[in-house]
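Start counting the sequence shown at 7; every next residue gets the next number (this note's numbering). In what follows, a single structure is set out as structure tokens and then discussed.
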Amino acid sequence: MSTNPSPARLAAVDLLDQVLAQGRPLSEMARLEALAPADRAAAQRLAIEVLRGLERADKLLKPHLRKAPAVRVMNILRLGTVELCAGGAAHGVVSDCVEIAAKGKRTQGAKGLVNAVLRKVAETGPEGWARLRVPRLPKWLRGPLVAAWGPEAVAAMERAHFAGAPLDLSMKGAVPEGLGGEALPTGSLRLQDAGQVTALPGFGTGDWWVQDAAAALPVKLLGDLRGLKVLDMCAAPGGKTLQLAAAGAQVTALDLSEARLERVRENLARTGLAARLIAGDALEHDETYDAVLLDAPCSATGTIRRHPDLPHVHKGERISELIGLQEALFDHALRLVKPGGRLVYATCSLIPDEGECQVDEALQRHPGLSVLRPDAPWIEEAWRSSEGGLRLRPDFWAGRGGMDGFYMAVLQRGESVDDFAAPAG
């Protein structure tokens, strides 16, 4: 007798299809809107776990497959394998995976295959899983990172990616009662097993927002912001906008996407913070600010521990284009900073061409520009880079659960109004 599979498992397979067959990121959350919040969270968690363990799952499945099945069938097998190897009850996992296959017109004929293969995996998979290596980054990314940071550092990053990420929160004020967690040296609050975010104490009252501890640091480098006019130049999804507003700045949040700004608007409303929102091209913006925060569009390679879909959605094909955009945004941002004002340049990338090299080259283009060496008690010496910025990596704070890979630097304009008047060229 046919039964309905778990909505979370079915949606997780849909998400895997979205990433691995269609090249669409998990952030688009296709087909999740109709799910109950708990099922939505479970589906995302399952899909993320499969993507983290994809290399291991495929190695365990290969001996049981004469030829590669259709992508959706393979994704059903991957889901079942990862769950079984994580200790999932064999009967429930196998039964649901068979039913997911049965409900698809193109996968009905694979019911027997799914059943047979996953029963074999249930017998030997958990033991075999533990013997396999930590999944590696794809060659297009691993090569440049090894060249930049060395094989040992990259192996440590891969361990951090495979371990996953805890939930980090930035607080508007005091920590709500019952939230728990670990207070990190940088000021973020870390929860190791957070569960459903919207059910946590303080969510509904706007006491905090989700933001990786590393992502929270660029704003902190600006110091006292009370009363200052500050531009968040590429603002969405808005964590830094909220930080700036909470710090007392007069914030303008600028982003190209009106849809992405809507999320910023929702979080401002939830937290009771205020900012001016502008949808538009940052390269066409023309106002002057005491400080500008440029968290530039980048490869996002520093966020793989949270977003394991990224290496499957992007293959590095846009990095050179992004580097050119970063340079243009950098130069334009400098012209929006008043003489003597500050710019924080940041990217959530592990690739030096998107971080350290951008600052080195900007210093050569603009003689009136200088790097301000950050001097906060929470800065660890291992984070400092040669040109005066901070380089954070996923393997840092390994004992605490790691951090996103990030680069950031604080730069100061010269006092002359002519330093950055001409377009970059």
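Ideal Cβ positions, reconstructed from N, Cα and C, are used throughout, including at glycine.
In angstroms with no decimal places, state the Cα-to-Cα distance between A47 and G212.
20 Å
Look at the alpha carbon of F168 and the alpha carbon of A297, and state the distance between them as a whole number of angstroms.
37 Å
Beta-carbon separation of R78 and G110 under 8 Å?
Yes; because the gap between Cβ atoms is below 8 Å, this pair is in contact.
For my contact list, S376 and L417 are in at a C-beta cut-off of 8 Å; report their separation, rounded to the angstrom.
7 Å
I'd like to check one pair, R112 with A154: are the Cβ atoms closer than 8 Å?
Against a cut-off of 8 Å, the Cβ pair of R112 and A154 comes out as no contact.
Exposed or buried, which one is G131 when buried takes at least 16 other CB atoms within 10 Å?
buried
From L185 to G59, what does the alpha carbon distance come to, in whole angstroms?
30 Å
Count the CB pairs spanning the region 113-123 and the region 286-300 that are closer than 8 Å, and state whether there are at least three.
no
Under DSSP, the beta strand (DSSP E) around G347 begins and ends at which residues?
343-353
I284 by DSSP, collapsed to three states: which one?
strand
Please report how far the alpha carbon of E362 lies from the alpha carbon of L228, in whole angstroms.
19 Å
Report yes if the CB atom of A334 is closer than 8 Å to the CB atom of L349, and no otherwise.
no
Kindly provide the ranges of any beta strand (DSSP E) runs that are 3 or more residues long and lie completely inside the region 274-331, ordered along the chain.
282-285, 295-301
Judging by CA-CA distance, which residue of R399, G420, K344 is the nearest neighbour of L369?
Comparing Cα-Cα distances from L369 to each of R399, G420, K344, the minimum goes to G420.
For the alpha helix (DSSP H) that S101 lies in, which residues bound it at each end?
96-108
So, at 6 Å on beta carbons, what are the nonlocal neighbours of G431 in its own chain, with the 5 sequence-adjacent residues on each side left out?
In this predicted model, G431 has a pLDDT of only 41, less than 50, meaning its place in the structure is not dependable; the value taken from the coordinates is given anyway. Taken in chain order, the list of residues that qualify is empty.
For W215 and D230, I'd like the C-alpha separation in whole angstroms.
Distance between the alpha carbons of W215 and D230: 21 Å.
Is I357 near P150, with beta carbons less than 8 Å apart?
Against a cut-off of 8 Å, the Cβ pair of P150 and I357 comes out as a contact.
Please report the straight-line C-alpha distance between S306 and L283, rounded to a whole angstrom.
Sequence check: residue 306 is Ala here, not Ser. Rounded to the nearest angstrom, the two C-alpha atoms are 24 Å apart.
Using the three-state DSSP reduction, which class does E39 fall into: helix, strand or coil?
coil
If you run the structure through DSSP and keep just helix, strand and coil, what is K235?
strand
Across which residues does DSSP place L260 in a beta bridge pair?
DSSP, once it has assigned bridges, lists I284 as partnering L260.
With a threshold of 16 other CB atoms inside 10 Å of the CB of S355, please say whether the residue is buried or exposed.
buried
In or out: Q28 buried (at least 16 other Cβ within 10 Å) or exposed?
By the neighbour-count rule (16 or more Cβ atoms within 10 Å), Q28 is not buried but exposed.
Threshold first: 3 residues or longer. Then list the beta strand (DSSP E) segments lying entirely within the region 151-229, N to C.
173-177, 195-197, 214-216
Can you give me the C-alpha to C-alpha distance between L66 and L234, rounded to a whole angstrom?
57 Å
A404 and A162 - do their beta-carbons sit closer together than 8 Å?
yes
Nearest-angstrom Cα distance between K68 and G134?
13 Å
Go to K414, then tell me how far its beta strand (DSSP E) extends in each direction, as first and last residue.
Residue identity differs from the one stated: residue 414 is Met in this sequence, not Lys. 412-418 is the span of the beta strand (DSSP E), which, as asked, contains M414.
Considering V377, what are the terminal residues of the alpha helix (DSSP H) in which it resides?
Per DSSP, V377 belongs to no alpha helix (DSSP H); it is in the beta strand (DSSP E), 376-378.
In whole angstroms, give me the CA-to-CA distance for D381 and G193.
15 Å
Would the region 268-285 and the region 239-259 be scored as touching if the rule is three or more Cβ pairs under 8 Å?
yes
Can you list, in chain order, the residues of its chain with a C-beta nearer than 6 Å to that of D218? Leave out the 5 residues immediately preceding and following it.
If we look at D218 and ignore the five residues flanking it on each side, its Cβ neighbours are D174, D410.
Report the rounded CA-to-CA distance for T353 versus P224, giving the unit in angstroms.
10 Å
Could you tell me the distance, in whole angstroms, from the CA atom of A252 to the CA atom of S326?
If I take the Cα positions, the gap works out to 35 Å.
Can you give the Cα-Cα distance for A288 and A265, rounded to whole angstroms?
16 Å
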